[in-house]
Amino acid sequence: MGRTHEYVCPTCGAVVERPFRAPSVVRQCDNGCSFGHFLRADILARVEEVPEEARPDDWNEMEVENRLLVAMREGVVSMPDLR
Ligand SMILES: [Zn+2]
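In terms of the working numbering, the sequence shown is numbered consecutively and its last residue is 168.
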């Protein structure tokens with residue numbers, strides 16, 4: 086049974102599947118996005134659960150790495166989630 090995991094380009098939402106589980110995949114997006122990582126889909130979904138009032142004003146312009154740090158600070162994402 087080939088269990089695969091989905092990884093998402095945080096810039097454009099492109100999805101790739103890989104047969105392993107990791108927090109992210111180093112991959113240049115086919116759409117030429119500047120961020121060279123795809124984040125595992127469930128982690129990216131967690132990051133989007135940071136409540137509105139906890140988000141910095143520039144949330145929409147922040148790189149996903151920085152959003153992830155905010156999510157961890159807010160307790161929305163914890164270290165075990167990143168395994
Ligand atoms: Zn992309």
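The beta-carbon is built from N, C-alpha and C at its ideal position, and this holds for glycine as well.
Any chance the segment 138-146 sits against the segment 113-130, with 3 or more Cβ pairs inside 8 Å?
-> Note that the segment 138-146 does not touch the segment 113-130; fewer than 3 beta-carbon pairs, one per stretch, sit closer than 8 Å.
Three-state secondary structure (DSSP) at V132?
-> In this structure, DSSP gives V132 a helical state, which the three-state scheme calls helix.
Nearest to R59 by CA position, among L153, E137, G87 and E138, is which residue?
-> One cannot answer for residue 59 here, as it falls past the ends of the chain, which runs 86 to 168.
S163 to G121 span [Cα, whole Å] | Straight-line Cα distance between these residues: approximately 23 Å.
Measure the beta-carbon distance from E159 to V135 and round it to whole angstroms, keeping in mind my assumption that it falls under 8 Å.
-> 6 Å
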